[in-house]
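Asks:
Protein chains in written order, with our numbering: chain D, 58 to 264; chain V, 38 to 197.
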């Protein structure tokens with residue numbers, strides 16, 4: 058099913074499922090960093106592949122991206138993006154470092170990948186439970202660069218089967234202490250074939 | 038005028054325009070230029086080639102189709118086919134991984150497809166800044182044919 062054919066009810070259902078999944082992910086993140094993590098209601102956007110970098114705040118914005126493939130009964134990709142400053146705040150909370158430069162150490166990379174892994178696993182297990190499907194995240198990969206460059210791998214995967222991407226986007230925000238606000242974006246990019254599976258199951262849930 | 042070439046787009050122009058492609062990772066930017074007539078084009082492509090051989094989707098999605106189409110448009114726009122030269126930028130492997138060899142990475146395949154397509158069309162490749170694992174921005178100055186590559190992560194500028 059092409060993304061464009063999704064109706065409002067289907068999109069809303071997808072949003073609701075994502076809300077639950079993100080809720081689990083936010084709980085995991087909050088326990089990990091010992092801070093309250095606030096979550097914005099996810100937005101589900103269907104957009105042309107070429108517009109995805111704009112949705113991320115522009116192709117040139119420096120970001121830390123953590124990507125994973127979704128394996129199991131449904132396929133797709135997950136991409137988590139943290140603006141560089143937020144990634145550093147996250148690392149301060151996790152590792153207790155202060156005054157970091159722009160570059161990431163090996164320890165930083167490993168800690169951020171672990172965060173990615175925990176968030177994705179929490180999200181996928183919630184989604185999988187609802188849909189009665191097994192969803193497994195692959196080993197996380199990390200890149201620290203311009204948003205456009207970080208995200209184009211995922212877009213290349215999607216572009217094999219179409220010109221549209223579905224993005225489920227959520228912002229995580231830490232405590233409203235201006236020193237430590239952590240913002241992040243979470244994207245679920247299902248393969249079009251996988252979207253069929255989701256939509257059929259969503260239909261059954263609505264029954 | 039917005040001279041930004043976004044993903045899966047190709048765009049042609051003439052001096053004094055400067056064409057820009059931002060945030061290239063595994064994607065590849067191919068610039069074609071006629072130095073006599075100061076007319077050129079820039080494409081921001083995603084995939085090496087269309088596996089089915091049937092053109093569909095966005096014009097600049099595929100390296101091979103995108104390049105051929107730019108050549109046609111440039112010739113229609115007054116460029117001399119035999120004077121065209123090419124420069125390529127991008128084709129990086131942003132996510133280093135142990136189970137994906139460099140040869141098979143999509144960035145490397147995009148770069149190879151660009152070289153092969155240019156060779157087939159007998160367009161000389163006169164400059165390149167490809168591979169590695171860093172993102173790149175490109176500015177293609179159609180007054181001079183110079184390409185300025187900027188890597189935000191290393192804060193490095195390279196002139197092609």
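Positions of the beta carbon are idealized from the N, C-alpha and C atoms, including for glycine.
Where does residue 189 of chain D land, buried or exposed, given buried means 16+ other C-beta within 10 angstroms?
Replies: On the first chain, residue 189 of chain D is found 132 positions in, with the first residue counted as 1. Result: exposed.
Asks: Just to confirm my understanding: we take residue 117 of chain V, look at its own chain, exclude 5 residues before and 5 after, and list those with CB closer than 7 Å. What are they?
Replies: Start at 1 with the first residue of the second chain, and residue 117 of chain V comes out as number 80. Closer than 7 Å at Cβ, skipping near neighbours: 71, 73, 74.
Asks: Taking 7 Å as the limit between beta carbons, can you name the residues of its chain near residue 124 of chain V, skipping five residues before and five after?
Replies: Here residue 124 of chain V refers to the residue found at position 87 when the second chain is read from its first residue. Here the set comprises 68, 163, 164, 165, 184, 197.
Asks: Quick check: what's the CA-CA separation for residue 168 of chain D versus residue 138 of chain D?
Replies: Within the first chain, numbered from 1, the residue matching residue 168 of chain D stands at position 111. Within the first chain, numbered from 1, the residue matching residue 138 of chain D stands at position 81. Going by the C-alpha atoms only, they are around 14 Å apart.
Asks: Straight-line CA distance for residue 72 of chain D to residue 224 of chain D?
Replies: Here the question's residue 72 of chain D lines up with position 15 in the first chain. Here the question's residue 224 of chain D lines up with position 167 in the first chain. Spanning the two alpha carbons is a distance of roughly 10 Å.
Asks: Straight-line CA distance for residue 161 of chain V to residue 53 of chain V?
Replies: As a position in the second chain, residue 161 of chain V is number 124, starting the count at 1. As a position in the second chain, residue 53 of chain V is number 16, starting the count at 1. Rounded to whole angstroms, residue 161 of chain V to residue 53 of chain V spans 23 Å at the Cα level.
Asks: Let's see if you can read the secondary structure: which residues bound the alpha helix (DSSP H) around residue 112 of chain D?
Replies: Here the question's residue 112 of chain D lines up with position 55 in the first chain. That run of the alpha helix (DSSP H) goes 109-112.
Asks: Is it true that the CB of residue 206 of chain D sits closer than 8 Å to the CB of residue 131 of chain V?
Replies: For the purposes of this step, residue 131 of chain V is taken as residue 94 along the second chain, with counting starting at 1. For the purposes of this step, residue 206 of chain D is taken as residue 149 along the first chain, with counting starting at 1. Residue 131 of chain V is a Cβ neighbour of residue 206 of chain D, given a cutoff of 8 Å.
Asks: Quick one: grab the DSSP three-state call for residue 257 of chain D.
Replies: Position 200 of the first chain holds residue 257 of chain D. Of the three classes helix, strand and coil, the one that applies to residue 257 of chain D here is helix, per DSSP.
Asks: If you follow the alpha helix (DSSP H) that residue 76 of chain D is in, where does it begin and where does it stop?
Replies: Here residue 76 of chain D corresponds to residue number 19 of the first chain, with the count starting at 1. Element bounds for residue 76 of chain D: 65-90.
Asks: Taking buried to mean at least 16 other C-beta atoms within 10 Å of its own C-beta, is residue 202 of chain D buried or exposed?
Replies: Counting from one through the first chain, the residue named residue 202 of chain D turns up at place 145. The residue is buried, with at least 16 neighbouring Cβ atoms inside 10 Å.
Asks: Go ahead and label residue 218 of chain D buried or exposed: buried means 16 or more other beta carbons lie within 10 angstroms of its beta carbon, across all protein chains shown.
Replies: What you label residue 218 of chain D is simply residue 161 of the first chain in a count that begins at 1. Residue 218 of chain D comes out exposed.
Asks: Does the beta carbon of residue 143 of chain V come closer than 8 Å to any beta carbon on chain D?
Replies: Counting from 1 along the second chain, the entry for residue 143 of chain V is found at position 106. Chain D contact via Cβ: present.
Asks: Closest to residue 78 of chain D by C-alpha separation, out of D:226, D:116, D:240, would be which residue?
Replies: Counting from 1 along the first chain, the entry for residue 78 of chain D is found at position 21. It is D:226 whose Cα lies nearest to the Cα of residue 78 of chain D.
Asks: Classify residue 139 of chain V as buried or exposed, calling it buried when 16 or more other Cβ atoms lie within 10 Å of its own Cβ.
Replies: As a position in the second chain, residue 139 of chain V is number 102, starting the count at 1. Annotation note: pLDDT 47 at residue 139 of chain V (below 50); position unreliable, no value reported.
Asks: Name the residue from D:213, D:90, D:94, D:88 whose alpha carbon lies nearest to the alpha carbon of residue 146 of chain V.
Replies: Numbered from 1 along the second chain, position 109 holds the residue referred to as residue 146 of chain V. Among D:213, D:90, D:94, D:88, the Cα nearest to that of residue 146 of chain V belongs to D:213.
Asks: Just how far apart, CA to CA, sit residue 65 of chain V and residue 192 of chain V?
Replies: As a first step, residue 65 of chain V is located in the second chain; it is residue number 28 there, counting from the start. As a first step, residue 192 of chain V is located in the second chain; it is residue number 155 there, counting from the start. Computed Cα separation, rounded: 20 Å.
Asks: Given that a residue counts as buried once 16 or more other Cβ atoms are within 10 Å of its Cβ, and exposed if not, what is residue 152 of chain D?
Replies: Translated into the one-based positions of the first chain, residue 152 of chain D becomes position 95. A residue is called buried once 16 or more other Cβ atoms fall within 10 Å of its Cβ, and residue 152 of chain D, having fewer, is exposed.
Asks: Would you check if the distance between the CB atom of residue 185 of chain D and the CB atom of residue 176 of chain D is smaller than 8 Å?
Replies: Your numbering for residue 185 of chain D matches position 128 in the first chain. Your numbering for residue 176 of chain D matches position 119 in the first chain. Result no, Cβ atoms of residue 185 of chain D and residue 176 of chain D do not sit closer than 8 Å.
Asks: With respect to the beta strand (DSSP E) encompassing residue 135 of chain D, which residues constitute its N-terminal and C-terminal limits?
Replies: Counting from 1 along the first chain, the entry for residue 135 of chain D is found at position 78. Looking at the DSSP string, the run of the beta strand (DSSP E) that includes residue 135 of chain D is 133-140.
Asks: Would residue 242 of chain D pass as a contact of residue 119 of chain D if the rule is Cβ separation under 8 Å?
Replies: Reading the first chain from its first residue, position 185 is the one you call residue 242 of chain D. Reading the first chain from its first residue, position 62 is the one you call residue 119 of chain D. Not in contact: residue 242 of chain D and residue 119 of chain D (Cβ atoms no closer than 8 Å).
Asks: Give me the DSSP bridge partner(s) of residue 27 of chain V.
Replies: In this structure chain V extends from 38 to 197, so residue 27 of chain V is not present and cannot be described.
Asks: Please report the straight-line C-alpha distance between residue 90 of chain D and residue 146 of chain D, rounded to a whole angstrom.
Replies: On the first chain, residue 90 of chain D is found 33 positions in, with the first residue counted as 1. On the first chain, residue 146 of chain D is found 89 positions in, with the first residue counted as 1. The alpha-carbon atoms of residue 90 of chain D and residue 146 of chain D are separated by roughly 10 Å.
Asks: So, using beta-carbon positions, are residue 107 of chain D and residue 43 of chain V closer together than 8 Å?
Replies: Working through the first chain from its first residue, we reach residue 107 of chain D at position 50. Working through the second chain from its first residue, we reach residue 43 of chain V at position 6. Yes, the Cβ-Cβ distance between residue 107 of chain D and residue 43 of chain V is below 8 Å.
Asks: What are the residues of the region 213-230 of chain D that lie near chain V, defined by any Cβ-Cβ distance shorter than 8 Å?
Replies: Along the region 213-230 of chain D, going in chain order, the ones with a CB nearer than 8 Å to a CB of chain V are 213, 216, 217, 219, 220.
Asks: Just tell me which of D:116, D:197, D:187, D:195 has its CA closest to the CA of residue 258 of chain D.
Replies: Position 201 of the first chain, counted from the first residue, corresponds to residue 258 of chain D. When each option's Cα is compared against that of residue 258 of chain D, the closest is D:187.
Asks: Kindly indicate which three-state DSSP category residue 75 of chain V falls into: helix, strand or coil?
Replies: Mapped onto the second chain, residue 75 of chain V falls at position 38. In the three-state scheme derived from DSSP, where H, G and I count as helix and E and B as strand, residue 75 of chain V is classed as coil.
Asks: Excluding the 5 residues preceding and the 5 following residue 114 of chain V in the sequence, name in chain order all residues of the same chain whose CB lies nearer than 7 Å to its CB.
Replies: As a first step, residue 114 of chain V is located in the second chain; it is residue number 77 there, counting from the start. 49, 76, listed in sequence order.
Asks: Let me know the alpha helix (DSSP H) ranges lying completely inside the region 140-203 of chain D, each 4 residues or longer, listed in chain order.
Replies: 141-152, 163-188
Asks: Which residues in chain V have a C-beta closer than 9 Å to the C-beta of residue 207 of chain D? List them in chain order.
Replies: On the first chain, residue 207 of chain D is found 150 positions in, with the first residue counted as 1. Neighbours of residue 207 of chain D on chain V, chain order: 60, 62, 131, 132, 172.
Asks: Pull up the distance between the alpha-carbon of residue 180 of chain D and that of residue 163 of chain D, whole angstroms please.
Replies: The residue you call residue 180 of chain D lines up with position 123 of the first chain. The residue you call residue 163 of chain D lines up with position 106 of the first chain. So the two alpha carbons sit approximately 26 Å from each other.
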